[in-house]
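Count along the sequence shown starting at 1, add 57, and that's the number in our numbering.
So the structure is just underneath, and the comments pick up after that.
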Amino acid sequence: MKIVLFNEEDLITDIYESIDELEIEGKNFRWRTGQLQGVHIQYAILADSVQLDESNIGEKITQDIKEQDQSAKFIFVDEIQQLRNEITKLKTDLAELRGNRPTP
């Protein structure tokens, strides 16, 4: 796997290669031989077969590359549950504003 970091202009700022056993928790990434903490820019998790390496730093990331992003596979279940809880709370708040009971 590869981690590709890119900024708001879609310019590639860094590429980490040979990533295995990747775990993502919030803004922190861990893998067998390294880690990144506090990632506050956009990223894509790509297969090793995607043709990107350090020579591409500074280039614009293409839509085709973005579509190959596999980051959803690595989000911790806790984060998914947190999002579900937020959705439930928003539904409850909306129902209260409308004067109705929340729907499950």
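Glycine residues also receive a C-beta, built at the ideal position from the N, C-alpha and C atoms.
Partner residues in the beta bridge of residue 93, as assigned by DSSP, are 86. Rounded to whole angstroms, the separation of the alpha carbons of residue 128 and residue 68 is 18 Å. Beta-bridge partners assigned by DSSP to residue 63: 69 and 99. Of all alpha-carbon atoms in 95, 102 and 138, the one lying nearest the alpha-carbon of residue 78 is that of 102.
According to the DSSP assignment, residue 120 belongs to the alpha helix (DSSP H) that extends over 120–124. Distance from the CA of residue 75 to the CA of residue 58, rounded to the nearest whole angstrom, comes to 6 Å. In the three-state scheme derived from DSSP, where H, G and I count as helix and E and B as strand, residue 111 is classed as helix.
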